[in-house]
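Peer 1:
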Amino acid sequence: MENKNYYKLLQVDPSAESTVIEGAYKRLAQKYHPDKNKSSDATRRMQEINEAYEVLSDPAKRAQYDRGQSSQSSYEAEEQRKREEAEAAHHRAEAERQRKERAEAERRRAEYEQLTLKNKKGHRLERLHRRLLPFYMKSIILIAFIVTSVVGFFIWSWITAVTLAGRADSRWSIIGFVFGTVLGYGHGKWTARMWAREYLRVLRREITFWEAKGATGTTVYVMLALGVPILGGLVIEQSFDTLIGIQSYILGFIGGMNLALYLWGRRLPR
51 MENKNYYKLL
61 QVDPSAESTV
71 IEGAYKRLAQ
81 KYHPDKNKSS
91 DATRRMQEIN
101 EAYEVLSDPA
111 KRAQYDRGQS
121 SQSSYEAEEQ
131 RKREEAEAAH
141 HRAEAERQRK
151 ERAEAERRRA
161 EYEQLTLKNK
171 KGHRLERLHR
181 RLLPFYMKSI
191 ILIAFIVTSV
201 VGFFIWSWIT
211 AVTLAGRADS
221 RWSIIGFVFG
231 TVLGYGHGKW
241 TARMWAREYL
251 RVLRREITFW
261 EAKGATGTTV
271 YVMLALGVPI
281 LGGLVIEQSF
291 DTLIGIQSYI
301 LGFIGGMNLA
311 LYLWGRRLPR
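Here this note's numbering is used: the first residue of the sequence shown is 51, the next is one more, and so on.
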C-alpha cells in the first residue's frame, strides 16, 4: 500500500487541504463507480480511489503515509545518488583509459621521431641502419659464428678421418656441410628480407616480432631444418657415414645462415 501514490490516484497535490481531497474523491467516485462506468477496470479503479481516500481523509493515517512516502523518496534519492556515482566512476575509468592510449601513442611517436632524428651528416634515419641491429646481429658476432662453423667442420673432418679410418667415407662430411650451407644460406636470406621489411616497425612498437610477416615461417623452417636431422640421428640407428654427414650438415647450416645475414648487414648504411 505504501508504494502507491495516493495523491496521484486522487489527482491532488500532496499539500492539498482535506476539502480539496474530499471534492476530488467525490468527482472520481462518480466517474468510476461501477454502476455508472461499465469499463473493465472501473471496479479496480474505484477500489484504489476508496483506498486512497480512506488514508488521506484520516489525519493520523495521512501523516503516517506521508512519513512513509518521505522514506521512500529518501531511498530513491540514495539509489539515484549511487547510480550517478557509478556512472561518474565509469566515465573516470574511460577517461583514464583514453589518457593511457594517448600517452602510449605519444610515446610511440616520440620513439619514431628519435629514430628519424638527423645524424651528424644531416641524413634522416628513415631506413634500417646497422647501429639499430641487436647485439646478436652485429658483424663481429656473425663472423664469429661463421668462423666457428668452418673451423668446426675441419676439426670434425680431421677427427673422423683419424678415428674412423677405413670405416667411414669422408666424402659424406663434405656433402653434409655443403648441403647444410645451402639450406642455411637460404634461411639467412629469408630472415634478412623479413628484417629489412619489418624490423623498424618492431622497433617503433607498431607490431611485435611474431606479428612480423615471415617470423613464424622462418622459425618453423629452422626448427625443421635442424630438428629433424638431430632427432633422426638420436632415435634412428644410422651408419657412420650418415652420422658424419648430419654433424657436418648442422655446422654448414649455421655457417650458411650467418653468412647470408652478414652479407645483408654489410649492405646496410652505418
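Every residue gets a Cβ at the ideal spot worked out from N, C-alpha and C, and that includes glycine.
Fair warning: this is a prediction, and the values are worked out from it, not measured in the lab.
Along the chain, where does the alpha helix (DSSP H) that runs through residue 88 open and close?
Peer 2: From DSSP, residue 88 is part of no alpha helix (DSSP H); its letter is neither H nor E.
Peer 1: Return the first residue and the last residue of the alpha helix (DSSP H) that residue 57 is part of.
Peer 2: First-last of the alpha helix (DSSP H) with residue 57: 56–60.
Peer 1: Is the beta carbon of residue 300 closer than 7 Å to that of residue 283?
Peer 2: No. Outside cutoff.
Peer 1: Tell me which same chain residues have a C-beta within less than 7 Å of the C-beta of residue 225, skipping the five on either side of it?
Peer 2: If we look at residue 225 and ignore the five residues flanking it on each side, its Cβ neighbours are 295.
Peer 1: Whole angstroms is fine: what's the gap from residue 179's alpha carbon to residue 318's?
Peer 2: Using only the alpha carbons, I get a separation of about 6 Å.
Peer 1: Are three or more beta carbon pairs between the segment 227–244 and the segment 301–320 nearer than 8 Å?
Peer 2: Verdict: yes, contact present.
Peer 1: CA-CA distance, residue 93 and residue 130?
Peer 2: Their Cα atoms are separated by approximately 35 Å.
Peer 1: Taking Cβ positions, are residue 306 and residue 235 nearer each other than 7 Å?
Peer 2: Cβ atoms of residue 306 and residue 235: closer than 7 Å.
Peer 1: Return the chain-ordered list of same chain residues with a C-beta closer than 8 Å to the C-beta of residue 203, the five sequence neighbours on each side being excluded.
Peer 2: Within the same chain, residue 203 has close Cβ partners 223, 227, 298, 301, 302, 305.
Peer 1: Here's the rule: buried if 16 or more other CB atoms are within 10 angstroms of the residue's CB, otherwise exposed. What is residue 274?
Peer 2: It is exposed - the Cβ of residue 274 has fewer than 16 other Cβ atoms within 10 Å.
Peer 1: For the alpha helix (DSSP H) containing residue 69, list its first residue and its last residue.
Peer 2: 68–82 is the extent of the alpha helix (DSSP H) around residue 69.
Peer 1: Residue 182: which of 237, 251, 146 sits nearest, CA to CA?
Peer 2: Comparing Cα-Cα distances from residue 182 to each of 237, 251, 146, the minimum goes to 251.
Peer 1: Going by beta carbon distance, what residues of the same chain come within less than 6 Å of residue 255, once the five residues before and after it are set aside?
Peer 2: So the list reads 158, once near-sequence residues are dropped.
Peer 1: To the nearest angstrom, how far is the alpha carbon of residue 99 from that of residue 69?
Peer 2: Their Cα atoms are separated by approximately 16 Å.
Peer 1: So, with DSSP's three-state summary, where would you put residue 108?
Peer 2: Residue state, collapsed to three classes: coil.
Peer 1: Taking all protein chains shown into account, decide if residue 205 is buried (16 or more other Cβ within 10 angstroms of its Cβ) or exposed.
Peer 2: So residue 205 ends up on the exposed side.
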